[in-house]
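Q: I am attaching a structure below and will ask some questions about it afterwards.
Chains as they are written, first to last, in our numbering: chain A, 7 to 265; chain B, 7 to 265; chain C, 7 to 265; chain D, 7 to 265.
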């Protein structure tokens, strides 16, 4: 049973804040989901830091990344990252673009990111690179034009995470819960790989067989629900909403699981 | 004087949250103890993040890792880690399985973990490795089958900590207090070893004689009680219970020491 | 429309606390701005940790770094850093001097700091070094005399950030918002460069063209406003004012954007 | 004007909590001061984590490390560290023993700790090492016997900080304020040295002349008062007293400066 639009906006706003609260997102980056009943649209916040996003900030966009009902407030500049991926990957229902600290050393150096523990296996068997310079030469590095978004979507191909040189990463998931899990645990996996390589020793990653089985296991409803509850309560403990309402005191509608 | 079952559930729930609050556990991992009056049973939470575990989440399990009174809620998948170790090691009364960030680089690289300062000495004179691949080939890396649990318990042997390749660690203790101490200080010791090795200099660990004397000293009632009080109050300061009760305001039954 | 003096003091106090709250400043360092209506003066707190600065702590100084209306309280010793830069750089309207942890390894080693991702591009195409030893020999390393301040301003030249050997950094901006952004993201860029170099791999920085375009983009009103709102609300969530008033409860005048 | 005994107990308890709140101390370690009016005694908490120490926990000890008025509660085991240093160094009025994470890699590897920035200059021109193994062979590494304390005091000699192999550090100061400053900034200096060395580049430390001038400057009343106010307010913001009183709400006697 799909979510109503109101439930989707509530859940997407929470996902924005959860990922930010785990340290993956700062002032920049964005998290979106496909519209729960109309696959030709997606939901995205107006332009503000993900940690601050509220349900009323979430608006509808066409897959050409045009807002359905124009508003006065500013919109994110890099909407085409999301729109072009939703076009190219019908089974993808959630996208996160970020500049997380542990991921960027791979974007800066070109070192390969690999699954090094079972929880990191959700990053998939291969993590492709995209370099804006290859097709577009010198740019401000942001993905602003439809053709830039399409180029990134092509580089992502059938994978779940694409590294963007000198910029950040874009992660996708079949569900919003999968996306949150993959985004947070690929960030941790990257940190572990950095820590291990700084020892000057060889990293021995998962075999393709292990990676496949561990990913499938992690994306089952039980671990998905367990992690979602955890990040959701950590968010609640972290303090106030920007509008002055406390995450703690709000007569917290119980977190709904949509695993 | 052994604890009552109610006291044990209260203490075990607190131990779960304390270890999580010190950064060793995240959404995953689990902490258990042997039943205080029936050594053929152990106590374990239903499946949820250790940071969220409450006394009412704790249930009884046989050493074959079957729940004594079945419940609707989901159970942890890796129960056999605990059951098989309690079977193999009668003197062990508490077990923690985790994926701590500072420990994993050793699990990923196969580098040897050694006691590098007196507080780390509780990790024991030798830290064995277990690799699921050796006996079971490609798996999802989780320890789900009784034979996998038995294999891990064999690798642990008479030691206090076993590293699990590409997965995490399992730590054991004679008491729950010992377990909490060893889990947190082996995590710190690993961090120190990483920091020192990143200097590119030689690590000079404790001698076996120092390690033995320092471990014995650390497990005496005074340091055990002092550390337990500290972690317990830090937990209290960290904020709200998931059910909305504050760790701070709860008419805090004074922490009981069971050193 | 320029700010009134009262608005400027309120905004500058907030900028002090925001930069401190993001971890760039500790007990030491200072943030100043040029007087909003009199370019021959600048505004600076009395001597106290930036995290504690309140509007009433902010006083007026001449460009020779003399206080306009003398007070009893102690003043910062290194005022000439600010005064001499305001003299030498008419387009600069805000200055921050700090000793941030991620920047200091470059000050200690002489390694070159480079823009490694688009948000770091605001550090500019070249980051010059200044070594007090070159002109002044052994000193306590603080910049206390007018000639020391002038020497530092010469080393800064037309750039946006100057590294001070064995000491810290000084950052400048056309607006206070630009300064806050550049200070925080150059700190992050430095951390990323450290993380990447610790991998033992080659760092591939932005091309000069990318750096220029990314800096221009980052300093546009939209990203400036978005980051300011984010850091401002994070500050609010971080807790109490030193005078006992809560950042949270204060009948928060809405943050004004002066992009 | 010396402090009264009550003021000294209040200030020493606060210093314990301040140093712990900055991350230097955990469950273990201790901070003491010489009795304000009787130089043949010193003040020390009963055995508990420094972060939890309250004025009523502070008791008087002779320089032979015997408690003046015996109590039921447990005492720290390593009292002789403090007593023997107060005997050997009449100008020292405060001592801190700790196991801080950034300092331990030097204790583990034997790498030399050097002042790398002006705020680190308070660690002094030379940081000696002490290895319990040299005189005492295998021990539990704790400094428990008077002769062990005397040996450590000899290794400290006329310096301000002594590194203890495989164990930690002991820091001394002429005043409690100096001690807090030196403890926290030597910890930061060590972290910076680690970060810089992990770059694989040469560290260029302060010259002896710079180190001397920077230390003298840092220990002047103005920077001492500024740092003390900062750490004191950060402590207040960090939350509840262990006895349930909030650091925030307590009708905070204004911090007294004794620079």
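By construction, the Cβ of each residue, glycine as well, lies at the ideal position given by its N, Cα and C atoms.
Give the interface partners of residue 103 of chain C over in chain A, defined as CB-CB distance under 9 Å, in chain order.
A: Residue 103 of chain C sits at position 97 when you count from the first residue of the third chain. Within 9 Å Cβ-Cβ: nothing; residue 103 of chain C doesn't reach chain A, min ~23 Å.
Q: What distance in whole Å lies between the Cβ atoms of residue 145 of chain A and residue 219 of chain C, which are believed to be in contact at a cut-off of 8 Å?
A: The residue given as residue 219 of chain C occupies position 213 in the third chain. The residue given as residue 145 of chain A occupies position 139 in the first chain. So it is a contact: roughly 6 Å between Cβ atoms.
Q: Identify each residue in the stretch 113–134 of chain B for which the Cβ-Cβ distance to at least one residue of chain A is less than 8 Å, and report them in chain order.
A: Residues passing the 8 Å Cβ filter: 113, 114, 115, 116, 117.
Q: For the 8 Å Cβ check, are there 3 or more pairs between the stretch 181–201 of chain D and the stretch 147–157 of chain D?
A: In short, these stretches do not touch, since the Cβ pair count stays below three.
Q: What are the residues in the stretch 59–77 of chain C lying within 7 Å of chain D by C-beta distance?
A: Result list empty, no residue passes.
Q: Whole angstroms are fine: how far does the CA of residue 109 of chain D sit from the CA of residue 206 of chain D?
A: Working through the fourth chain from its first residue, we reach residue 206 of chain D at position 200. Working through the fourth chain from its first residue, we reach residue 109 of chain D at position 103. When rounded, the distance between both Cα atoms is 19 Å.
Q: Just to confirm my understanding: we take residue 179 of chain B, look at its own chain, exclude 5 residues before and 5 after, and list those with CB closer than 6 Å. What are they?
A: Residue 179 of chain B sits at position 173 when you count from the first residue of the second chain. Answer for residue 179 of chain B: 100, 185, 188, listed in chain order.
Q: Just reading off the alpha helix (DSSP H) that residue 92 of chain A is part of, what are its end residues?
A: For this step, residue 92 of chain A is matched to residue 86 along the first chain. Where residue 92 of chain A is concerned, the enclosing alpha helix (DSSP H) stretches over 85–94.
Q: Do residue 34 of chain A and residue 48 of chain A have their CB atoms nearer than 8 Å?
A: For this step, residue 34 of chain A is matched to residue 28 along the first chain. For this step, residue 48 of chain A is matched to residue 42 along the first chain. No. Outside cutoff.
Q: Contact defined as beta carbons within less than 8 Å: I believe residue 113 of chain B pairs with residue 172 of chain B. What is the distance between those atoms, to the nearest angstrom?
A: Your numbering for residue 113 of chain B matches position 107 in the second chain. Your numbering for residue 172 of chain B matches position 166 in the second chain. With a Cβ gap of about 6 Å, residue 113 of chain B and residue 172 of chain B count as contacting.
Q: Pick helix, strand or coil for residue 190 of chain D, following the three-state DSSP scheme.
A: Along the fourth chain, read from residue 1 onward, the residue named residue 190 of chain D stands at position 184. Residue state, collapsed to three classes: helix.
Q: State yes or no: is the beta carbon of residue 49 of chain B nearer than 8 Å to at least one beta carbon in chain A?
A: Residue 49 of chain B sits at position 43 when you count from the first residue of the second chain. Not one chain A Cβ lies under 8 Å of residue 49 of chain B.
Q: With H, G and I counted as helix, E and B as strand and the rest as coil, what does DSSP make of residue 237 of chain C?
A: Along the third chain, read from residue 1 onward, the residue named residue 237 of chain C stands at position 231. Note: residue 237 of chain C maps to helix in three-state DSSP.
Q: Whose C-alpha, out of D:227, D:213, D:181, is nearest the C-alpha of residue 21 of chain D?
A: By one-based count along the fourth chain, residue 21 of chain D stands at place 15. Ranking the options by Cα distance to residue 21 of chain D, first place goes to D:181.
Q: What residues of chain E sit near residue 144 of chain B, judged by a beta carbon separation below 8 Å?
A: Within the model displayed, chain E is absent; protein chains A, B, C and D are what it includes.
Q: If we call anything under 8 Å between Cβ atoms a contact, is residue 59 of chain B one with residue 23 of chain B?
A: What you label residue 59 of chain B is simply residue 53 of the second chain in a count that begins at 1. What you label residue 23 of chain B is simply residue 17 of the second chain in a count that begins at 1. Closer than 8 Å, so yes.
Q: Please report whether the beta-carbon of residue 239 of chain D lies at a distance below 8 Å from any beta-carbon of chain C.
A: For the purposes of this step, residue 239 of chain D is taken as the residue at position 233 of the fourth chain. Residue 239 of chain D counts as touching chain C.
Q: What whole-angstrom Cβ distance do residue 61 of chain C and residue 19 of chain C have, given they're in contact under 8 Å?
A: Along the third chain, one-based indexing puts residue 61 of chain C at 55. Along the third chain, one-based indexing puts residue 19 of chain C at 13. At roughly 5 Å, the Cβ-Cβ gap stays under 8 Å, so residue 61 of chain C and residue 19 of chain C are in contact.
Q: Taking only the alpha-carbon atoms, compute the straight-line gap between residue 165 of chain A and residue 133 of chain A and give it to the nearest angstrom.
A: Start at 1 with the first residue of the first chain, and residue 165 of chain A comes out as number 159. Start at 1 with the first residue of the first chain, and residue 133 of chain A comes out as number 127. For residue 165 of chain A and residue 133 of chain A, the distance between alpha carbons rounds to 7 Å.
Q: Identify which residue in D:85, D:200, D:79, D:75 has its Cα closest to the Cα of residue 39 of chain D.
A: What you label residue 39 of chain D is simply residue 33 of the fourth chain in a count that begins at 1. Among D:85, D:200, D:79, D:75, the Cα nearest to that of residue 39 of chain D is on D:85.
Q: With a threshold of 6 Å on Cβ separation, who are the neighbours of residue 9 of chain D within its own chain once the five nearest residues in sequence on each side are excluded?
A: Indexing the fourth chain from 1 puts residue 9 of chain D at position 3. Only 42 meet the Cβ criterion.
Q: Could you give the first and the last residue of the continuous beta strand (DSSP E) run that contains residue 39 of chain C?
A: What you label residue 39 of chain C is simply residue 33 of the third chain in a count that begins at 1. 36–40 is the extent of the beta strand (DSSP E) around residue 39 of chain C.
Q: Hey, could you find the ends of the beta strand (DSSP E) residue 174 of chain B is sitting in?
A: In the second chain, the residue the question calls residue 174 of chain B occupies position 168. Its beta strand (DSSP E) spans residues 174–179.
Q: Have a look at residue 225 of chain B and residue 215 of chain B and give me their C-alpha separation to the nearest angstrom.
A: On the second chain, position 219 is the one that residue 225 of chain B refers to. On the second chain, position 209 is the one that residue 215 of chain B refers to. Taking the straight line from one Cα to the other gives about 16 Å.
Q: Mapping the DSSP letters down to three states, classify residue 109 of chain A as helix, strand or coil.
A: Stepping through the first chain from its first residue, residue 109 of chain A is reached at position 103. Correct three-state label for residue 109 of chain A: coil.
Q: Give the DSSP-derived three-state secondary structure of residue 115 of chain C in the structure shown.
A: As a first step, residue 115 of chain C must be located in the third chain, where it is residue number 109. In this structure, residue 115 of chain C counts as helix in the three-state DSSP scheme.
Q: So what does DSSP say about residue 124 of chain A, is it helix, strand or coil?
A: Along the first chain, one-based indexing puts residue 124 of chain A at 118. DSSP places residue 124 of chain A in helix when its eight states are reduced to three.
Q: With 8 Å as the threshold, decide whether the Cβ of residue 228 of chain C is near any Cβ in chain A.
A: Counting from 1 along the third chain, the entry for residue 228 of chain C is found at position 222. Closer than 8 Å to some Cβ of chain A, the Cβ of residue 228 of chain C qualifies, so yes.
Q: Counting contacts by CB-CB distance shorter than 8 Å, is residue 169 of chain D in contact with chain C?
A: Reading the fourth chain from its first residue, position 163 is the one you call residue 169 of chain D. It does not: the Cβ of residue 169 of chain D has no partner Cβ on chain C nearer than 8 Å.
Q: Measuring alpha carbon to alpha carbon, tell me which residue in D:245, D:227, D:241 is nearest residue 82 of chain C.
A: Translated into the one-based positions of the third chain, residue 82 of chain C becomes position 76. That would be D:227, whose Cα lies nearest to the Cα of residue 82 of chain C.
Q: Beta strand (DSSP E) containing residue 66 of chain A: first to last residue?
A: Locating residue 66 of chain A in the first chain gives position 60, where the first residue counts as 1. It spans 64–68 - the beta strand (DSSP E) in which residue 66 of chain A sits, taken as one unbroken run.
Q: Excluding the 5 residues flanking residue 116 of chain C on each side, which residues of the same chain have their C-beta closer than 8 Å to its C-beta?
A: Start at 1 with the first residue of the third chain, and residue 116 of chain C comes out as number 110. Hits under 8 Å: 135, 171.
Q: Just the C-alpha distance for residue 137 of chain B and residue 25 of chain D, rounded to the nearest angstrom, thanks.
A: For the purposes of this step, residue 137 of chain B is identified with residue 131 of the second chain, where counting begins at 1. For the purposes of this step, residue 25 of chain D is identified with residue 19 of the fourth chain, where counting begins at 1. C-alpha separation (whole angstroms): 42 Å.
Q: Just checking my contact of residue 129 of chain A with residue 169 of chain A at CB under 8 Å: how many whole Å lie between their CB atoms?
A: As a position in the first chain, residue 129 of chain A is number 123, starting the count at 1. As a position in the first chain, residue 169 of chain A is number 163, starting the count at 1. So it is not a contact: roughly 10 Å between Cβ atoms.
Q: Taking Cβ-Cβ distances below 7 Å as the criterion, which residues of the stretch 9–26 of chain C are in contact with chain A?
A: Of all residues in the stretch 9–26 of chain C, none has a Cβ within less than 7 Å of some Cβ in chain A.
Q: From which residue to which residue does the alpha helix (DSSP H) around residue 5 of chain C run?
A: This structure leaves residue 5 of chain C out entirely; chain C is present only between 7 and 265.
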